[in-house]
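**Q**
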Amino acid sequence: MVTNLFVKDRVAIVGAGITTFMRRALETPRELAWEAARMALDQAGLTLKDVDCVVIGSAPDTFDGVHLKGEYLADGSGAIRKPMTRVYVGGGTGVFVPVSAWWHVASGLCKTVLAVGEEKMSPAHPHPQYVFRYIWDPIIHRPLEPNLIWIFAMEMRRYMAKCGAKKEDIALVSVKNKRNALDNPAAQVAANITVDDVLKSEVLVWPVQELDVSPVTDGAAALVITSENVARQVTDSPVWIEGVGFTLDNQHWENRELAFPRYLNYAARMAYRMAGIERPWKEIDVAEPYDPFDYKELHHIEGLMLARPCEAWKLLKEGYFNRDGELPTSPSGGLLGVGNPIAAAGVMKVAELFWQLRYEAGKRQVKRPVHRAVANAWGDLMQAGTVIVLGN
Amino acid sequence: MPRRVGIIGVGWYGFRPSTPEVHFQGMMFESSHRAYADANVDPRKDVDVFVDCQEDLWEGIAITDEFAPEPIGGALRPTFTVSGDGLLGVAHAYMLIRSGLADVVAVEAHGKPSEIRTLQDVYYMAFDPLHVRPLPTGNPFFLAGLDAQAYMQRTGASREHLALVSAKNRTNGLKNERAPYSARLTVDDVLSAPYAVYPLTRYDIADFSDASVTVVLASEEAAKRFTDKVVWLDGIGFSTETGSGAVEWHAWGRMLSMRDAALMAYKLAGLAGSPSESFDLAEVEDRFSFMELLSLEELMLAKEGEAHRLLEQGHFNLGGPLPVNPSGGSLAMGVQLEATGLARLLEAVLQLRGEAGPHQVKGARKAVVATWRGVPTYTSAVAVLSAG
Amino acid sequence: MSWNKHGRLHDIITWPEKEEVDKYIYTPGLHGLELAKALMDGRILGMRCSDGKVYVPPKTFCPDYGQGVLVEVKGPWRLQYYTVVYEDLYGNRLEKPVVVGVIKPDDAVNGIIHIVNADPSKVYVGMELRPVFRPKEQRRGVITDIQYFEPA
Amino acid sequence: MSVTKLPGTKLSSKEMYSLPGLVESVPQAKYDFSAGPTISRFLQGLKEGKILGRKCPRCGRVYVPPRDYCEYCHVALTDWVEVPDTGTVHTAVVSYISVKRERLEKPEVIGVIRLDVPGYPPNGYEFAGLFHRLCVSPEEAMSDKVIGMKVRARWKPKEQRTGSILDIECFEPVR
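Chains as they are written, first to last, in my numbering: chain A, 193 to 584; chain B, 1057 to 1444; chain C, 3 to 154; chain D, 19 to 193.
Given below as structure tokens:
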């Protein structure tokens, strides 16, 4: 693995765009991608002619009900007569799209890349969650009729058992993120709730209850990522991609300790080494850990080495991760508050850090000064960790 | 000079109409196991990044990248999936190495069409659900029929020329152990067959076969540590003309994505002069017979509307000035879904290493590889290779 | 596994499975909603882009990425390219061959894909066609509200 | 970001289903997965009432469920090992909803069982194990006692076994 990576041409994010996150959208998937990508280009002051490569991220085709979905989203993502690939690491795709865009630019092949994440879950009937019946091993697991929440519940239970975290401790994440989301115009389920509301919500798969889970969402988000010299011409506050990391564990999640995401830890080390970060818990100013479930934010804070294993829920109680705290996490409102259109959710989180590092997050702007940020996405069967480190 | 990228190992398994004896992950293990032996690398220590190419609905699994890392040695290592043809995965490997993030990258692609019971319905699921899929068209390959008719109308190529491509490739395939659909086919055999999708007979449409192909790429310095029989990847290009939700914007009878991909690849390879003299062989797209002629024109290996004339003169035969698809192409080897591009690349690499066997093109030093992702996409990829 | 495979078919297990939800419901999209209303009314829409070109059917945004302006497309319609499907992907002959065409109206730069209701022997490029709509009460604002195109 | 009105047109459920131009499509995506030699043998073992694992010749790991290859050494696995059908509960949950998110009348208890397979450190990061149903009451599953509880496979009667993971009915506590 290459360690002291000398890249003559640094890579920057210069624009971000996002659609509102909705339970049901009128737009078709390609129109959602178009709306987000066009906003990102407008924000960067560029047009489609300036784009020379496109990277698309979208999770299971079985949601939108369109096979070869990368091809279906191509024109919506601006890839008409352009090099385009769709990258795919399950739920980790959202952060992986800008990670892949990094080597499109750093290799010298592309100068300006449109990185687009889209997900439309509402077409699947009777319920989008039914799609998750098909993520399992067809022979060993599917006969047990598993649904997705089972695997999260098992991981949450293991985290609670190993780290001594109670449900009321974990519910604070949902309270924090849904409150943060009140200031996010894209939010689908922002709300002022209390720990009691979480503990009284419908029990889906104990210990997971309704308000522990992010919603099903239609939405898209996009970033414009360019080389250093293009960035210098386009904006006076580019946000540099300083570290990228990604790791996939094997698919046998039933053969590993679920309390600690080792795959995410390896991905984080890869990204931190590239960014020259030795003590992330000190050097990272703001973070967007992936939070499809409330316990998962704590799980990922520990995987990202922003807190020691089993310590995150204690710091949470002290307000350490609040917007005015020592290390704000999910100032965007996260998946729990803004929504979870799988592949677009990760791009939304990177977009949030883009706005935070440019002090353009408005009411969501964290109080402390920010120089270095980290976002991660998680995916597959408890096996994919994707990490990006940004700096201004 | 930016870092040169070389192919240091190839491995494959399958190329048969069905492979019931292996689980799809077993097939991936077989091809990667052979590729790592060929490159004499240890995947658990020497390979930095693993790229896999597959699509959910070809595999029957909703997040199919979950099953990628284990069999190819990528467990707990940087692994990701490109939802596209294997050649797009090679493009990512090229970028990973040029950017310095990785020195050695493994790319695997596979297809097990024999396990898809409702292949036609899965094809239709890729069609625009609003404006095209609802139409009672009867066969998803009607899109290829429209392009074939438009191509023949524009260039004057006739049904005999299409038959000549099919006969050439299926006969070439007789010499290639990876070509289950080869046959001593004559033009008359093809002309006497009824149309399946006008103007294509069943001989003009490649069948499907199961296969997994793994390719190991490395930077110039890293390559020296492992092998001395390197095939250089001088250029790679890929492009998309329009989305499958806007096929109505497609330039019928053309494959502009292959022209754009070729221009990108030739620029990277520094091919200033006219490309037609630059190559000793070409492995190009032929899952529909007319596509070989159209590909040659989009790759500028023949002037527009001239490919079928050169074909008549035997210019593309095995002994001719520019052998095209000496391996038999997809018409003889079959279509392996997302591994089809790597099948073309595999054949070209073996030719440049002088290891092709009976269908070896003597003294082959430079080759071009081109693939299209098939109906209903308009995405192509092109690679330019040269012997080490 | 490399060396100890089972060749004997008796030892080989194949496991039937599927990857299907009950059904998909696709919304028509921004322009699609207006096209649906027009189709119910027996009219076909296109979109005009900033370069003045009209594309059909309307797809909300143009190849140049700007938003298209809806316009009605009246034709006359001509067959630009066509194919005839005689058998399905598995090689089964269809009872009746299906003629599929790219059908371009004079007042647009591209054609739509649709079925041509004519005997394959009578079909030629450039022939004039007209859309045949289903009876009004059977229309639902979808592309198959046009049952087919037939020689004008 | 400076923009407050974001693109996107929200629909309520009623609005969506009353839209003109809605297109319905019933997907047909059926497959016949080749189980391959390892999984075929594993299923055969289940039919005979045995849980089979596979051992790596190089690192000695015993994999349950078995694979064709060792993912840490990237070599083909060789010997078969019958492993005990006893183990401890790694995690357990109680499900009140079905695959289609409908409420279940009777909740289901499911979990991960760490099997008593030699060669893995007692509470190491990796272990051989199965994901399966647990025959314990929901109350017991929610109590702290269940984590680490000793369990054993409850096999279906021989004539009802078909060579599937369901040949094990569940894992029940060893009282």
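Idealized CB from N, CA, C, for every residue including glycine.
Could you name the residues of chain B that Tyr-87 (chain D) contacts, counting a contact when the two beta carbons are closer than 7 Å?
**A** Ordered by position in chain B, the residues that pass the 7 Å Cβ test against Tyr-87 (chain D) are Phe-1085 and Pro-1127.
**Q** On the DSSP letters alone, give me the boundaries of the beta strand (DSSP E) that His-492 (chain A) sits inside.
**A** Segment 486-495 is the alpha helix (DSSP H) holding His-492 (chain A); no beta strand (DSSP E) there.
**Q** Would Pro-59 (chain C) count as contacting chain A if we go by Cβ distances under 8 Å?
**A** Not closer than 8 Å to any Cβ of chain A, the Cβ of Pro-59 (chain C) fails to qualify, so no.
**Q** For chain D, check one thing: does any of its Cβ atoms lie closer than 8 Å to the Cβ of His-1079 (chain B)?
**A** Yes, contact with chain D.
**Q** Which residue or residues does DSSP assign as beta-bridge partners of Ser-52 (chain C)?
**A** Partner(s): none; Ser-52 (chain C) has no beta bridge.
**Q** Counting only runs of 4+ residues fully inside the region 1374-1414 of chain B, write out the alpha helix (DSSP H) ranges in chain order.
**A** The qualifying runs are 1385-1389 and 1396-1408.
**Q** When the distance is taken between beta carbons, is Val-102 (chain C) closer than 8 Å to Phe-1198 (chain B)?
**A** Closer than 8 Å, so yes.
**Q** Between the alpha carbons of Leu-1256 (chain B) and Thr-1427 (chain B), how many angstroms are there, rounded?
**A** For Leu-1256 (chain B) and Thr-1427 (chain B), the distance between alpha carbons rounds to 19 Å.
**Q** If you count every other CB in all the chains shown that lies within 10 Å of the CB of Val-287 (chain A), and 16 or more means buried, which is it?
**A** Val-287 (chain A) comes out buried.
**Q** Between the alpha carbons of Ile-186 (chain D) and Thr-104 (chain D), how many angstroms are there, rounded?
**A** Rounded to the nearest angstrom, the two C-alpha atoms are 12 Å apart.
**Q** Within 8 Å, do at least three Cβ pairs link the region 55-70 of chain D to the region 1130-1147 of chain B?
**A** Short answer: they don't touch.
**Q** Under a three-way DSSP split, which group does Asn-532 (chain A) fall into?
**A** Residue state, collapsed to three classes: strand.
**Q** Assign Ala-1147 (chain B) to buried or exposed, taking buried as 16 or more other Cβ atoms, counted over all protein chains shown, within 10 Å of its Cβ.
**A** Buried.
**Q** Determine whether the beta carbon atoms of Pro-1377 (chain B) and Leu-1337 (chain B) lie at a separation below 8 Å.
**A** No, Cβ-Cβ distance for Pro-1377 (chain B) and Leu-1337 (chain B) is not below 8 Å.
**Q** Determine the direct distance from the alpha carbon of Ile-69 (chain D) to that of Gly-1140 (chain B), and round the result to whole angstroms.
**A** Answer to the nearest angstrom: the Cα atoms are 38 Å apart.
**Q** Inspect the beta-carbon positions of Tyr-87 (chain D) and Phe-1085 (chain B) and report whether they are closer than 8 Å.
**A** Yes.
**Q** Where Ser-299 (chain A) and Val-203 (chain A) are concerned, what is the direct C-alpha to C-alpha distance, given to the nearest angstrom?
**A** Each residue's alpha carbon lies about 10 Å from the other.
**Q** In the DSSP assignment, what are the bridge partners of Cys-153 (chain D)?
**A** Answer is none; Cys-153 (chain D) lacks a bridge partner.
**Q** Roughly how many whole angstroms lie between the Cα atoms of Glu-434 (chain A) and Arg-132 (chain C)?
**A** Looking at the two C-alpha atoms, the distance is approximately 59 Å.
**Q** Let me make sure I understand the geometry here. Which of B:Ala-1158, B:Thr-1174 and B:Arg-1059 has the alpha-carbon closest to that of Val-44 (chain D)?
**A** Closest by alpha carbon: B:Thr-1174.
**Q** What does the alpha-carbon distance come out to for the pair Leu-133 (chain D) and Cys-188 (chain D)?
**A** Answer to the nearest angstrom: the Cα atoms are 14 Å apart.
**Q** Runs of 4 residues minimum, wholly inside the region 1126-1210 of chain B: which ones carry the alpha helix (DSSP H) assignment?
**A** With a minimum length of 4 residues, the continuous alpha helix (DSSP H) runs that stay inside the region 1126-1210 of chain B are 1142-1154 and 1175-1180.
**Q** Ala-463 (chain A) lies in the alpha helix (DSSP H); which residues open and close that run?
**A** 454-467 is the span of the alpha helix (DSSP H), which, as asked, contains Ala-463 (chain A).
**Q** Mind checking the region 1198-1217 of chain B against chain G and listing, in chain order, the residues whose C-beta falls within less than 9 Å of any C-beta there?
**A** Looking for chain G here will not work: the only protein chains present are A, B, C and D.
**Q** Give the residues from the region 416-445 of chain A that approach chain D closer than 9 Å (Cβ to any Cβ), ordered along the chain.
**A** Under the 9 Å Cβ criterion, the region 416-445 of chain A contributes Asn-442, His-444 and Trp-445.
**Q** If you reduce the DSSP assignment to three classes, tell me which class Ala-567 (chain A) lands in.
**A** The answer is strand: DSSP assigns Ala-567 (chain A) an E or B state.
**Q** Would you decide whether Lys-1224 (chain B) is buried or exposed? Buried here means 16 or more other CB atoms lie within 10 Å of its CB.
**A** Buried.
**Q** In chain order, what residues of the same chain lie with their CB nearer than 8 Å to the CB of Gly-357 (chain A), ignoring the 5 residues before and after it?
**A** Residue identity differs from the one stated: residue 357 (chain A) is Ala in this sequence, not Gly. Counting only Cβ-Cβ distances below 8 Å, and skipping sequence neighbours, we find Tyr-351, Tyr-487, Leu-490, Cys-502 and Trp-505.
**Q** Tell me the rounded alpha-carbon separation between Pro-1058 (chain B) and Leu-301 (chain A).
**A** When rounded, the distance between both Cα atoms is 11 Å.
**Q** Mind pulling the alpha helix (DSSP H) runs of 4 or more residues that sit fully within the region 285-370 of chain A?
**A** Fully enclosed alpha helix (DSSP H) runs of 4 or longer: 285-298 and 340-355.
**Q** Looking only at its own chain, which residues have a Cβ that is under 6 Å from the Cβ of Trp-5 (chain C), when we skip the five neighbours before and after it?
**A** Same-chain partners within the cutoff: there are none.
**Q** With H, G and I counted as helix, E and B as strand and the rest as coil, what does DSSP make of Val-101 (chain D)?
**A** Three-state result, Val-101 (chain D): strand.
**Q** Only counting the same chain, and skipping five residues up and downstream in sequence, which positions put a Cβ closer than 8 Å to that of Arg-424 (chain A)?
**A** Within the same chain, Arg-424 (chain A) has close Cβ partners Pro-430.
**Q** Could you tell me whether any Cβ in chain A is nearer than 8 Å to the Cβ of Ala-1182 (chain B)?
**A** So yes, Ala-1182 (chain B) belongs to the interface.
**Q** If I follow the unbroken beta strand (DSSP E) through Thr-578 (chain A), where does it start and stop?
**A** That run of the beta strand (DSSP E) goes 576-583.
**Q** Check the DSSP bridge columns for Glu-1339 (chain B) and list the partner residues they point to.
**A** Paired residue(s): B:Val-1425.
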